[in-house]
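Let me begin by presenting the structure, written as structure tokens, before commenting on it.
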Amino acid sequence: MYSEILNYLPEDRLLFNEEMKNHTTFKIGGPVDLMVLPQNEEEIHSIISFCRQRDIPLFIFGAGSNLLVRDRGIRGIAMKLGENLDEVEVNGEEIQAQAGVKLSTLAQIAAFYSLSGLEFAEGIPGSLGGALVMNAGAFDGEMKEIVTQARAISPDGSFKTFQNEEIQFGYRQSIFQNNGYIIISAGLKLVTGNREEIEKRMLEYARRRGEKQPLDKPSAGSTFKRPPGFYVGPMLEELGLKGYQIGGAQVSSKHAGFIVNNGNATARDVLELIASIQQKAKERFGVDLQPEIRIVGEE
Ligand SMILES: Cc1cc2nc3c(=O)[nH]c(=O)nc-3n(C[C@H](O)[C@H](O)[C@H](O)COP(=O)(O)OP(=O)(O)OC[C@H]3O[C@@H](n4cnc5c(N)ncnc54)[C@H](O)[C@@H]3O)c2cc1C
């Protein structure tokens with residue numbers, strides 16, 4: 077069924093039965109039938125048509141830093157955009173970039189051009205596309221404030237440019253979580269600042285991350301969204317869950333808001349740990365904790 081895809085992509089950018097754990101920061105996830113690594117808009121478009129014509133499910137991801145992929149993996153095709161598609165163009169205070177570029181690379185480019193507004197992104201290990209989908213943010217900054225527009229392809233193959241208001245950004249939320257569009261590129265508007273000060277802020281943010289977050293262990297960042305009126309880390313600490321472990325998955329003993337993979341965690345371990353935390357938070361605080369990480373793959 078997949079051999080015809082060689083008409084669109086060379087063999088070295090097709091990975092059959094590829095373990096998703098090799099492509100997620102959690103280092104968890106079973107095999108995908110076929111992973112494709114497109115390099116440009118035309119290739120993305122061809123793959124969408126290929127899947128649509130043959131009814132093959134298509135999953136898109138960027139850098140895999142907000143993903144929990146189940147142990148049975150993903151059926152169909154997974155298109156990884158975080159590897160290629162990394163062109164960046166700076167014009168005055170505006171940056172135009174392809175969806176696969178690393179957010180931290182963008183932050184460094186912005187700093188190089190003395191542009192302020194992306195400092196918060198230093199240390200977020202995602203791609204630009206994934207950051208738009210999640211409205212990624214940190215230290216009082218978020219994508220919503222700097223994105224002007226995003227160019228995307230619909231599941232039926234048509235192109236559309238979304239203006240900021242149309243993206244319906246909310247807390248770790250955007251329209252791209254529900255509309256099936258694939259983001260190809262985006263425009264950002266920053267403000268001119270002082271390069272030294274920008275770099276100083278980025279260093280400070282990196283220092284604060286290193287101090288608080290378990291960066292030495294595989295994770296997908298914050299496990300849960302912040303519920304109104306609570307902070308997840310302190311809440312889980314109060315529940316005595318810091319260090320709590322199921323199989324190889326553990327509530328980080330450095331920052332309870334993160335679940336870490338202690339080396340051999342399965343997606344099942346993480347899902348059981350999430351369910352157990354949710355139950356305890358509900359019983360004690362009456363709070364419904366919602367995962368921030370995206371859980372995908374065959375059940
Ligand atoms: C150590 C660590 C620290 C982190 N710190 C932060 C933080 O401070 N703030 C924060 O907000 N997040 C943080 N994260 C989470 C994560 O980095 C962000 O959510 C990031 O924006 C995800 O980008 P990604 O490319 O990895 O997306 P992926 O994990 O690859 O995908 C996330 C979702 O977006 C979809 N998607 C990805 N790319 C596209 C595209 N081009 N078009 C359409 N859909 C797409 C996927 O289908 C999936 O649903 C952290 C993660 C780690 C591991």
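Using the numbering used here, you'd call the opening residue of the sequence shown number 77 and step up by one each time. No residue lacks a Cβ here, since even glycine has one placed at the ideal position from N, Cα and C.
Remark: the C-beta of Ala343 is outside contact range of ligand 1, defined as less than 7 Å to any heavy atom. Annotation for Pro310: the continuous alpha helix (DSSP H) segment containing it runs Val308 to Glu314.
Under a 10 Å Cβ-count criterion, Tyr247 is classified as exposed, with fewer than 16 other Cβ atoms of the shown protein chains found around its own Cβ.
DSSP places Leu204 inside the alpha helix (DSSP H), whose first and last residues are Leu204 to Met210. In its chain, beyond the 5 residues on either side, Ile322, Gly323, Gly324 and Ala325 have a beta carbon closer than 7 Å to the beta carbon of Asp345. Assigned with DSSP and collapsed to three states, Ala351 falls in helix. Note on geometry: alpha-carbon atoms of Phe300 and Asn337 lie some 16 Å from one another. Assignment of Lys265 by DSSP, reduced to helix, strand and coil, places it in the strand class.
With contacts defined as CB atoms closer than 8 Å, Leu194 and Ala212 fail to qualify as a contacting pair. Asn142 is the residue among Asn142, Asp232 and Arg146 whose C-alpha sits nearest the C-alpha of Ala207.
Secondary structure note for Glu275: it is in no beta strand (DSSP E), and the uninterrupted alpha helix (DSSP H) holding it is Arg271 to Lys288. Between Ile260 and Ile229, the gap from beta carbon to beta carbon is short of 8 Å. With a 10 Å radius around the Cβ and a threshold of 16 neighbouring Cβ atoms, Glu165 comes out exposed. In this chain, the beta strand (DSSP E) harbouring Leu91 covers Leu90 to Glu95. In the DSSP assignment, Ile150 falls within the unbroken beta strand (DSSP E) covering Ile150 to Lys156. Note that the C-beta distance between Ile200 and Val145 is not below 8 Å.
Residue environment for Pro304: exposed (fewer than 16 other C-beta atoms within 10 angstroms of its C-beta).
Listed as beta-bridge partners of Ala139 by DSSP are no residues whatsoever. For Leu291, same chain residues with a beta-carbon under 8 Å away, outside a window of 5 residues either side, are Arg285 in chain order.
Going by DSSP, Gln225 is part of the beta strand (DSSP E) stretching over Val223 to Ile229.
Beta-bridge pairing by DSSP links Glu170 to Asn167 and Lys265. In this structure, the beta-carbon distance from Gly176 to Gly140 does not fall below 8 Å. Shown here for Glu117: same chain residues with a beta carbon closer than 6 Å to its own, the five before and five after excluded, namely Ile260 in chain order. Thr181 sits in a helix when the DSSP states are folded into three classes. The alpha-carbon separation between Ala282 and Leu191 amounts to approximately 18 Å.
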